[in-house]
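Peer 1: Next up is a structure, given as structure tokens.
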Amino acid sequence: MKFIYFFIRRLLYSILVLVGLSVLIFIIARILPGDPARLALGPFASQEMVARLRHQMGMDQPLHLQYVAYVRGIFHGDLGLSFQTRRSVSLDIAHYLPATFELVLVAIIWVLIIGVPFGVLAGRYKDSWLDNISRVVAFVGVAVPPFVVGLIGQLIFSYGLGILPTTGRLSLLTPMPPARTGLLILDSLIAGNFSAFGDALIHILLPSLAIAMTGIGQITRLTRGSVSDVLGKDYIEAARAFGIPNRYVTFKYMLKPSFIPPLTILGLTFASELGNAFLVEQVFSWPGMAKYGIQAILRKDFNAIMGVILIIGLAFVAVNFIVDVLAGYVDPRIRIQEES
Amino acid sequence: MTADESTFSSVGLEITVTRWASFKDRVGRSWYRFRRNPISLAGGSMVLLVILLAILAPYVTPYPKHAGVFTDFSSAFQPPSQTHWFGTDEVGRDVFTRVIFGYRVSLMMAAVVLGLSVPFGIFLGLVAGYFGGWIETIIMRVTDIFLALPPLVMALAICSAFTPTIEKAMLAVAAIWWTWHCRLINSITRSIKTEEFVQASQVIGSSHLRILFKDILPNCASAIMVKITLDAGFVILVGAGLSFLGLGVQPPKPGLGTMISYGSQHLPIKWWLTVFPSFAIFFLILGFNLLGDGLRDMLDVEAEGM
Amino acid sequence: MMDQYMLEIRDLYVYFRVYEGISRVLDGVSLDVRKGEQVGLAGETGCGKTVTMKTVMGALKIPPAIIPKGEVILDGQNVLKMSAKQLLQMKGTKVSMIFQDPMNALNPVFAVGTQLFDVIRFSNRHTSNGGKLSKKEILNRAIAALDEVRLPDPKRILNSYPLELSGGMRQRVLIAMALVNEPSFLIADEPQTALDVTIGAQILDLLSELVRTKGISVLLITHNLGVIQETTERVNIMYAGQVVETAPTALLFENPKHPYSQGLLASVPRLTGGEIAEGIRGTVPDYTAVPSGCRFHPRCDHVMPICSQKKPSLLLVEPDHLVGCWLYAKEGGVK
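Chains as they are written, first to last, in this note's numbering: chain A, 1 to 340; chain B, 1 to 306; chain C, 1 to 335.
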């Protein structure tokens with residue numbers, strides 16, 4: 001099957017899922033019990049005030065019109081106003097998003113540079129001591145709640161050894177570098193501010209690891225199994241039998257098929273990281289979108305909640321799309337089987 | 001009964017008898033392998049231990065009253081000691097007792113969530129996989145939408161609409177969980193659907209319902225068992241997360257996530273408030289994971305995702 | 001004398017260290033393939049054919065395998081004493097292999113062309129004139145190889161993935177890969193088994209033609225006696241880690257001497273005649289607990305006391321016909 005058809009099909013599918021997601025979120029926010037306007041203003045506000053707020057938020061329109069307005073707003077980048085703060089939700093999210101993005105990005109990097117090589121070595125040297133350690137890491141990584149990793153990490157490294165900070169992205173006294181990307185690590189590098197760079201690094205170390213633990217466990221495990229599987233396959237033996245040198249066989253013929261199962265769960269790994277971000281940002285008071293979301297949830301600020309959920313959904317669908325397309329590119333079997 | 005019918009029924013009886021015998025044989029052999037596999041044994045013992053402790057909680061804990069409303073400020077914030085193995089919390093309650101009672105909540109959460117979501121998910125998965133066509137498309141697209149968010153986030157979204165209680169949290173998680181089982185069963189059903197024994201049943205004229213339950217479902221059994229075990233751990237993890245964020249177990253009820261959340265405010269001096277509940281929940285989740293993994297090895301199952 | 005033989009396996013013993021103890025799989029295997037000859041190695045599943053084949057290819061993992069005794073001489077060199085580098089040079093250039101299941105033998109995530117190019121590229125490094133082949137030369141050789149196996153539209157095939165090709169096409173590609181570097185010796189492991197009967201027959205025909213025109217010596221490994229009869233000049237019958245009978249094919253089918261061979265031939269169902277084919281009673285032995293003496297004796301209808309005491313060696317019963325059985329000990333001498 002031509003790759004381009006595969007690509008387009010995946011794209012359309014992703015869009016469909018997004019639309020469905022927006023409807024679902026909308027339903028949850030609007031139909032489920034509780035009057036957000038009343039909640040925002042509190043029990044002592046008068047009926048008029050509540051009604052006025054409702055009108056202001058467009059909540060007195062019939063539901064489908066509200067949905068249309070909502071969708072139209074999305075395309076204009078407008079996610080409504082926060083019930084609590086009356087600020088634009090999209091501005092708020094734009095403000096907090098980079099912090100979360102940076103955190104999740106670094107977490108994924110951890111997963112890739114720790115999980116994958118570890119898994120490959122464990123699969124190659126199966127049943128060795130290295131392999132046994134990898135199995136322990138895999139189990140522990142998946143079983144420990146991320147907030148526990150964060151807290152225990154704080155206990156040992158921040159309070160105990162004093163080498164890592166407990167909260168925030170930068171120390172109080174370090175000025176923020178000029179914002180180019182919103183990612184402090186990159187921004188400080190661009191500005192040539194190496195002390196800020198170092199500071200940002202040690203601040204992000206523990207939280208990103210806490211988020212990454214689950215993913216590291218999953219990827220190590222899967223890569224190990226996959227490598228071990230592939231090494232036993234006939235085509236590896238055949239390649240050797242035809243005179244292809246062992247090193248070449250290992251690096252080309254073994255790695256490519258081995259990486260396919262881990263690649264396909266990369267989407268799920270990303271999802272678990274996004275979820276973990278909600279927990280870890282709390283522990284480390286990381287000023288990110290997840291923390292903003294939690295506060296919105298506790299205050300029942302529906303527009304804010306919906307905005308956050310939508311952005312997360314968008315990110316997830318986008319990542320899944322990219323991962324699917326990559327997998328289809330790398331593994332022709334996926335493309336070909338799509339036809340059936 | 002005509003001659004054919006009686007032949008069929010006697011053949012049916014024979015088949016049933018041999019089915020039962022082979023089932024017993026398989027169970028016997030599975031148990032043998034289970035005993036020999038250190039991973040499943042370790043996991044199984046861990047889970048069993050927790051379940052026993054949870055069931056016998058009022059009898060094995062030193063201060064069962066502390067699980068409820070209880071204050072004794074004079075004993076507040078005691079570090080671990082002979083009288084309080086895990087120390088006491090901010091209002092003087094014994095942490096060890098509350099951890100054990102907290103296990104009750106965690107296990108109950110797993111039981112309720114899975115009890116609700118699994119049958120529902122299996123049923124939808126069977127229907128989708130078996131009937132195919134637009135039925136399958138609709139069901140699977142709906143699952144895709146639910147799965148478009150990370151589970152914790154989805155649960156948060158649903159919880160946000162209600163006042164936070166443990167029951168609402170359980171319902172929220174259950175509302176998402178069925179999707180995985182639906183997907184799993186759907187994929188198994190799709191692959192079994194074309195097998196000959198299913199076609200044989202169809203040719204005989206068995207009703208769809210019968211085929212679903214007699215032919216297809218038993219073949220999903222091992223995958224389901226493995227998945228439920230692994231899910232238990234994961235559900236508890238999500239539940240603890242929700243409690244940690246304030247959306248699950250509400251005080252003064254004992255909940256491991258809630259306890260950790262409160263404890264985190266008193267780090268590092270009153271470390272025991274965080275460390276023991278953390279270890280407790282890790283222990284339980286690990287137990288389920290080991291057990292599920294061992295089961296998977298034993299039953300030679302390929303479960304999706306985790 | 002030596003120059004006559006492409007492959008000589010002399011008294012090869014291969015054991016494996018397993019959980020239950022030691023698995024004595026090969027127990028003194030002796031067979032040879034003369035230059036230009038097509039020889040069959042026939043036996044049921046589990047008799048040790050694959051282990052023998054792997055030993056010849058140098059593909060055995062030495063622990064857990066143990067080779068306490070024996071020689072495998074390929075074109076004058078002892079494979080068992082070769083270094084890894086020598087083995088690598090040997091593979092693909094001197095000896096090549098055809099695998100049973102072409103779907104499994106081809107890497108599913110690479111295009112067929114990529115794999116074929118790699119085979120050409122690496123083996124050329126070991127030829128006497130040294131130097132690397134240019135891309136164009138590699139491409140030309142690949143196309144020529146595909147032409148030889150009668151695959152139309154070679155450019156399209158080169159760009160295809162294994163999944164996109166039919167079983168027969170895949171096997172042809174594998175044959176092309178095996179022959180592209182002009183080996184002098186070919187081991188074919190059940191080349192037709194994984195294919196439909198008609199396609200399998202075509203593949204066998206193709207193979208026979210190619211080896212004859214190029215003068216390649218072949219060791220064909222199979223459990224299918226029909227294939228042996230059609231495609232080989234000489235055949236070795238293997239049972240439980242030993243070659244029990246060797247003869248020109250026609251002779252063996254006419255006049256099998258070893259009770260096992262007789263049993264095998266009798267168990268092939270015939271289209272004419274009213275009798276139902278019988279199997280040989282008993283089962284293949286457990287290699288960790290082999291029967292004493294002749295390994296076949298528990299299943300043999302002509303068993304004698306000596307059979308359980310001493311292992312028979314291969315005896316010449318008529319020109320070019322060797323049998324490993326005490327029944328023939330009085331006639332003829334030792335090999």
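The beta-carbon is built from N, C-alpha and C at its ideal position, and this holds for glycine as well.
1. Buried or exposed: where does Val323/C fall if 16 or more other Cβ atoms within 10 Å of its Cβ makes it buried?
2. Please list the partners that Ser272/A has in chain B, where partner means a Cβ-to-Cβ separation under 7 Å.
3. Could you tell me which chain A residues have their CB closer than 7 Å to the CB of Ala105/C, listed as they occur along the chain?
4. What alpha helix (DSSP H) runs, 4 residues minimum, are completely inside the segment 216 to 293 of chain A?
5. Candidates Ile211/A, Met49/A, Ser188/A and Gly182/A: which alpha carbon is nearest Leu201/A's?
6. Roughly how many angstroms separate the alpha carbons of Lys94/C and Glu8/C, rounded to a whole number?
7. Does DSSP put Pro154/C in a helix, a strand or coil?
8. DSSP on Glu190/C, reduced to helix/strand/coil?
9. For Gln38/C, does the three-state DSSP call read helix, strand or coil?
10. State yes or no: is the C-beta of Cys159/B within less than 8 Å of the C-beta of Leu237/B?
11. In chain C, which residues lie less than 7 Å from Ile345/A when you measure between Cβ atoms?
12. For the alpha helix (DSSP H) that Val50/B lies in, which residues bound it at each end?
13. How should Val227/C be labelled, buried or exposed, when 16 other C-beta atoms within 10 angstroms of its C-beta is the threshold for buried?
14. Whose Cβ in chain A lies nearer than 7 Å to the Cβ of Gly92/C?
15. My guess is that Val142/A and Thr214/A are in contact by the Cβ rule of under 8 Å, so how many angstroms apart are they, rounded?
16. How would you list, in chain order, the residues of chain A whose beta-carbon sits under 9 Å from the beta-carbon of Trp271/B?
17. Give me the residue from Val230/A, Thr166/A, Gly328/A and Asp234/A with the minimum Cα distance to Gly119/A.
18. What is the residue span of the beta strand (DSSP E) that Ala247/C lies within?
19. Counting only Cβ pairs nearer than 8 Å, list the residues of chain A close to Asp101/C.
20. Tell me the rounded alpha-carbon separation between Lys85/C and Leu49/B.
21. Provide the residue span of the beta strand (DSSP E) that contains Lys136/C, from first to last.
22. In chain order, what residues of the same chain lie with their CB nearer than 7 Å to the CB of Leu251/C, ignoring the 5 residues before and after it?
23. I'd like the span of the alpha helix (DSSP H) that includes His181/B, first residue to last.
24. Indicate whether the contact test is met: 3 or more Cβ pairs, each with one atom in the segment 138 to 152 of chain B and one in the segment 273 to 280 of chain A, closer than 8 Å.
25. Got a sec, what are the start and stop residues for the alpha helix (DSSP H) Phe244/B sits in?
26. For Ser292/C, which three-state DSSP category applies?
27. Is it right to say Ile27/A is buried, meaning 16 or more other beta carbons lie within 10 angstroms of its own, or is it exposed?
28. Using only CA atoms, which one of Leu126/B, Thr83/B and Met108/B lies nearest to Arg210/B?
29. Determine which residues share a DSSP beta bridge with Leu316/C and list them.
30. Tell me which same chain residues have a C-beta within less than 6 Å of the C-beta of Thr264/A, skipping the five on either side of it?
31. Identify each residue in the segment 255 to 279 of chain A for which the Cβ-Cβ distance to at least one residue of chain C is less than 9 Å, and report them in chain order.
32. Hey, out of Arg299/C, Ala178/C and Leu265/C, whose CA is closest to Phe253/C's CA?
33. Do Ala210/A and Gly153/A have their beta-carbon atoms positioned less than 8 Å apart in this structure?
34. Could you give the distance in angstroms between the alpha-carbon of Thr71/B and the alpha-carbon of Ala280/B?
35. Starting from the beta carbon of Val148/A, find every residue of chain B whose beta carbon is closer than 8 Å, and list them in chain order.
36. Just the chain E side, please: which residues come within less than 9 Å of Ala59/C by C-beta, in chain order?
Peer 2: Taking the structure as given:
1. Here residue 323/C is taken as the residue at index 323 of the third sequence, counted from 1. Val323/C is buried by the Cβ-count criterion.
2. The count along the first sequence starts at 1 and reaches residue 272/A at position 272. Correct list: Pro150.
3. For the purposes of this step, residue 105/C is identified with residue 105 of the third sequence, where counting begins at 1. Residues of chain A whose Cβ lies closer than 7 Å to the Cβ of Ala105/C are, in chain order, Asp234, Tyr235 and Ala238.
4. 234 to 241, 255 to 258 and 260 to 284
5. Here residue 201/A corresponds to residue number 201 of the first sequence, with the count starting at 1. The option with the nearest alpha carbon to Leu201/A is Ser188/A.
6. Stepping through the third sequence from its first residue, residue 94/C is reached at position 94. Stepping through the third sequence from its first residue, residue 8/C is reached at position 8. C-alpha separation (whole angstroms): 15 Å.
7. Against the third sequence, residue 154/C aligns to sequence position 154. DSSP places Pro154/C in helix when its eight states are reduced to three.
8. What you label residue 190/C is simply residue 190 of the third sequence in a count that begins at 1. Glu190/C falls in the coil class under three-state DSSP.
9. What you label residue 38/C is simply residue 38 of the third sequence in a count that begins at 1. Of the three classes helix, strand and coil, the one that applies to Gln38/C here is strand, per DSSP.
10. Translated into positions along the second sequence, residue 159/B becomes position 159. Translated into positions along the second sequence, residue 237/B becomes position 237. For Cys159/B and Leu237/B, no; Cβs fall outside 8 Å.
11. The first residue shown for chain A is 1 and the last is 340, placing residue 345/A beyond what the model contains.
12. One-based indexing of the second sequence puts residue 50/B at position 50. Counting along the chain, the alpha helix (DSSP H) containing Val50/B begins and ends at Pro38 to Ile55.
13. Here residue 227/C is taken as the residue at index 227 of the third sequence, counted from 1. Val227/C is buried by the Cβ-count criterion.
14. By one-based count along the third sequence, residue 92/C stands at place 92. Those are Phe242 and Gly243, listed as they occur along chain A.
15. Position 142 of the first sequence, counted from the first residue, corresponds to residue 142/A. Position 214 of the first sequence, counted from the first residue, corresponds to residue 214/A. Contact check for Val142/A and Thr214/A: beta-carbon distance about 6 Å, within the 8 Å limit, so the pair qualifies.
16. Within the second sequence, numbered from 1, the residue matching residue 271/B stands at position 271. Neighbours of Trp271/B on chain A, chain order: Leu155 and Tyr159.
17. By 1-based counting over the first sequence, the position of residue 119/A is 119. It is Val230/A.
18. As a position in the third sequence, residue 247/C is number 247, starting the count at 1. DSSP places Ala247/C inside the beta strand (DSSP E), whose first and last residues are Gln242 to Pro248.
19. In the third sequence, the residue the question calls residue 101/C occupies position 101. Ordered by position in chain A, the residues that pass the 8 Å Cβ test against Asp101/C are Asp234.
20. As a working mapping, residue 85/C is identified with position 85 in the third sequence. As a working mapping, residue 49/B is identified with position 49 in the second sequence. Cα to Cα, the separation comes out at about 57 Å.
21. Reading the third sequence from its first residue, position 136 is the one you call residue 136/C. Element bounds for Lys136/C: not the beta strand (DSSP E) but the alpha helix (DSSP H), Lys135 to Glu148.
22. As a working mapping, residue 251/C is identified with position 251 in the third sequence. In its chain, beyond the 5 residues on either side, His321 have a beta carbon closer than 7 Å to the beta carbon of Leu251/C.
23. Taking the second sequence and counting its residues from 1, the one referred to as residue 181/B is at position 181. His181/B -> alpha helix (DSSP H) spans Ile166 to Lys193.
24. yes
25. Indexing the second sequence from 1 puts residue 244/B at position 244. Leu217 to Phe244 is the span of the alpha helix (DSSP H), which, as asked, contains Phe244/B.
26. Taking the first residue of the third sequence as position 1, residue 292/C is located at position 292. Coil, per DSSP.
27. For the purposes of this step, residue 27/A is taken as the residue at position 27 of the first sequence. Counting Cβ neighbours within 10 Å, Ile27/A comes out exposed, since fewer than 16 surround it.
28. For the purposes of this step, residue 210/B is identified with residue 210 of the second sequence, where counting begins at 1. Ranking Leu126/B, Thr83/B and Met108/B by Cα distance to Arg210/B puts Leu126/B first.
29. Along the third sequence, one-based indexing puts residue 316/C at 316. Paired residues: Leu322/C.
30. Stepping through the first sequence from its first residue, residue 264/A is reached at position 264. Result list for Thr264/A: Ala327, in chain order.
31. Going along the segment 255 to 279 of chain A in chain order, one finds Lys256, Pro257 and Ile260 with a Cβ nearer than 9 Å to chain C.
32. Numbered from 1 along the third sequence, position 253 holds the residue referred to as residue 253/C. Cα-wise, what sits closest to Phe253/C is Leu265/C.
33. Along the first sequence, one-based indexing puts residue 153/A at 153. Along the first sequence, one-based indexing puts residue 210/A at 210. Yes.
34. Your numbering for residue 71/B matches position 71 in the second sequence. Your numbering for residue 280/B matches position 280 in the second sequence. The straight-line gap from Cα to Cα measures roughly 23 Å.
35. The residue you call residue 148/A lines up with position 148 of the first sequence. Near Val148/A (Cβ distances below 8 Å), the residues of chain B are Ile260, Ser278, Ile281 and Phe282.
36. Included in the structure are the protein chains A, B and C, with no chain E among them.
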